[in-house]
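Since the structure comes first, as structure tokens, the remarks are kept for the end.
There are 2 protein chains.
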Amino acid sequence: MGQETVKTRRKPRADSLRNRELLLEAATHVFSTGGPQASLEAVARRAGVGIGTLYRHFPTREALFEAVYRHEVDHLADLAGLLSFEPDPVEALRQWLHANVRLVAAKKGMIQGLQLVAHGSSELKAYSFERLTEAVGLLLGRGVAAGELRADITPEDLLRTLLGIFYSQGTADWQPAALRLVDVFVDGLRKR
Amino acid sequence: MGQETVKTRRKPRADSLRNRELLLEAATHVFSTGGPQASLEAVARRAGVGIGTLYRHFPTREALFEAVYRHEVDHLADLAGLLSFEPDPVEALRQWLHANVRLVAAKKGMIQGLQLVAHGSSELKAYSFERLTEAVGLLLGRGVAAGELRADITPEDLLRTLLGIFYSQGTADWQPAALRLVDVFVDGLRKR
DNA sequence: TATTTATACGGAGGATGCCTCCGTTTATCA
DNA sequence: TGATAAACGGAGGCATCCTCCGTATAAATA
Chain A
1 MGQETVKTRR KPRADSLRNR ELLLEAATHV FSTGGPQASL EAVARRAGVG
51 IGTLYRHFPT REALFEAVYR HEVDHLADLA GLLSFEPDPV EALRQWLHAN
101 VRLVAAKKGM IQGLQLVAHG SSELKAYSFE RLTEAVGLLL GRGVAAGELR
151 ADITPEDLLR TLLGIFYSQG TADWQPAALR LVDVFVDGLR KR
Chain B
1001 MGQETVKTRR KPRADSLRNR ELLLEAATHV FSTGGPQASL EAVARRAGVG
1051 IGTLYRHFPT REALFEAVYR HEVDHLADLA GLLSFEPDPV EALRQWLHAN
1101 VRLVAAKKGM IQGLQLVAHG SSELKAYSFE RLTEAVGLLL GRGVAAGELR
1151 ADITPEDLLR TLLGIFYSQG TADWQPAALR LVDVFVDGLR KR
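Quick note, the sequences are listed as chains A and B, same order. According to my numbering, the first sequence is numbered sequentially starting from 1. According to my numbering, the second sequence is numbered sequentially starting from 1001.
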């Protein structure tokens, strides 16, 4: 009972799970440093596993990229959950948006990466859009409920604005400008 | 007299010029089909020259990419010149903008390519921005002079809007939507 | 606990691409 | 019609990609 499949299946091997996690961590680091075309063998080396193991878990570069992306999205979503306990709701939202900037900034290749992803499965797009919308909706809703934020901005608007800020910037030294723009935007969201 | 350099220099060899052109054509096709990471050897093969010749003309992938991009920009600029003889100025502008969409659509990797370029020399950015601004200014100016287009839109605004339309679209099947948006925009430009 | 077996592991190896180097070819110039 | 500067082609060394399969090991079973 409670078994998902009809046939009883062995539970996944512990080393498999561990290696998958190691690979994701390594990939995040390697892609951040070397851009999205970085060597997959370098990823395997850093994770301390054979190249075969990498390919078994992620048959293509895109599969690995998707997994990394999902990982990051989940990370941001979890962070929103944590920040929802922050006493000041506006500050919580601001911090979350800043985390977005930092996360994208941390990986030079991410903008190109996002485009690779955009070419890929629309299921992934739907998934990430949904999770991030939910995350930002949570933080936004708290601010609205507290009467501190205007109520006519949807989470989707906010997400799109964020993306727009990322895209509109020149690639060099864009981070400070993006952070400033985010702050301006959050200020604009305040009820007066 | 009339010689650019102090020392008299041989004029460039005919085969060199021809091969350069062949390579640019081949590169345009190969990058359009296979994206910006397509094999440079494939480019040389398609141009019917040795790989060494490719590298002599374009020492790096980026150099080749820049040259292709310049080539396309020049192409669009020339097209604007041609279209300026079209009797209906609004139609001319519309056609030029559509050509932009088609050109970007024709090469799947172009959006990523533009980002590569954005990382690259700002001289190239300046050059292309100038040429395209001039081109669109020509077409726009005719419409304004004929009293058919509103006068408060600058060529820069129009270019930026065009870029915005390209970026905001999802990558799959974006072309029809982009064409529609361009038409809407051109309609909006009309004086009423 | 000992044995079985499904599952995962590592890395050798063939294919392909990158880029350099240099002997050969050829277009220009005298 | 030479002489020669300039360009050509592609072999070769190295890196990466990805597959395949013999070996190792965690979970299941007795």
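Glycine residues also receive a C-beta, built at the ideal position from the N, C-alpha and C atoms.
| Query | Result |
| --- | --- |
| Can you name, in chain order, every residue of its own chain whose Cβ lies under 7 Å from the Cβ of residue 1133 of chain B, other than the five neighbours on each side? | 1155, 1156 and 1159 |
| Looking at the structure shown, is residue 1013 of chain B part of a helix, part of a strand, or coil, going by DSSP? | coil |
| Inspect the beta-carbon positions of residue 1030 of chain B and residue 1046 of chain B and report whether they are closer than 9 Å. | yes |
| Is it true that the CB of residue 1101 of chain B sits closer than 9 Å to the CB of residue 1175 of chain B? | yes |
| Alpha carbon to alpha carbon, how far is residue 1131 of chain B from residue 1085 of chain B? Give it in angstroms, no decimals. | 19 Å |
| May I have a chain-ordered list of the alpha helix (DSSP H) segments no shorter than 4 residues that lie completely inside the stretch 40-104 of chain A? | 40-47, 51-57 and 61-83 |
| Could you tell me if residue 1110 of chain B is buried or exposed, where buried requires 16 or more neighbouring beta carbons within 10 angstroms of its beta carbon? | Bear in mind that a pLDDT of 48 at residue 1110 of chain B, under 50, signals an unreliable position, so the number given afterwards is only what the model happens to contain. Per the 10 Å Cβ criterion, buried. |
| I need the DSSP call for residue 5 of chain A, collapsed to helix, strand or coil. | Here residue 5 of chain A scores only 38 on pLDDT, less than 50, and its place in the model is too uncertain to base an answer on. |
| Within the same chain, show all residues whose beta-carbon is closer than 7 Å to that of residue 1026 of chain B, passing over the 5 residues directly before and after it, in chain order. | 1043, 1046 and 1047 |
| In the DSSP output, which residue or residues are listed as bridge partners for residue 1158 of chain B? | Per DSSP, none; premise fails for residue 1158 of chain B. |
| Rounded to whole angstroms, how far is the Cβ of residue 1143 of chain B from the Cβ of residue 1093 of chain B, which I believe are closer than 8 Å? | 6 Å |
| So what does DSSP say about residue 1190 of chain B, is it helix, strand or coil? | strand |
| Take residue 1064 of chain B and list the residues in its own chain whose beta-carbon comes closer than 6 Å to its own, dropping the five residues that flank it on each side. | 1027 and 1058 |
| Please work out which residues of its chain come closer than 6 Å, Cβ to Cβ, to residue 128 of chain A, disregarding the five sequence neighbours upstream and downstream, and give them in chain order. | 73 |
| Under a Cβ-count criterion, where at least 16 other Cβ atoms within 10 Å of its own Cβ denotes burial, should residue 1017 of chain B be classed as buried or exposed? | exposed |
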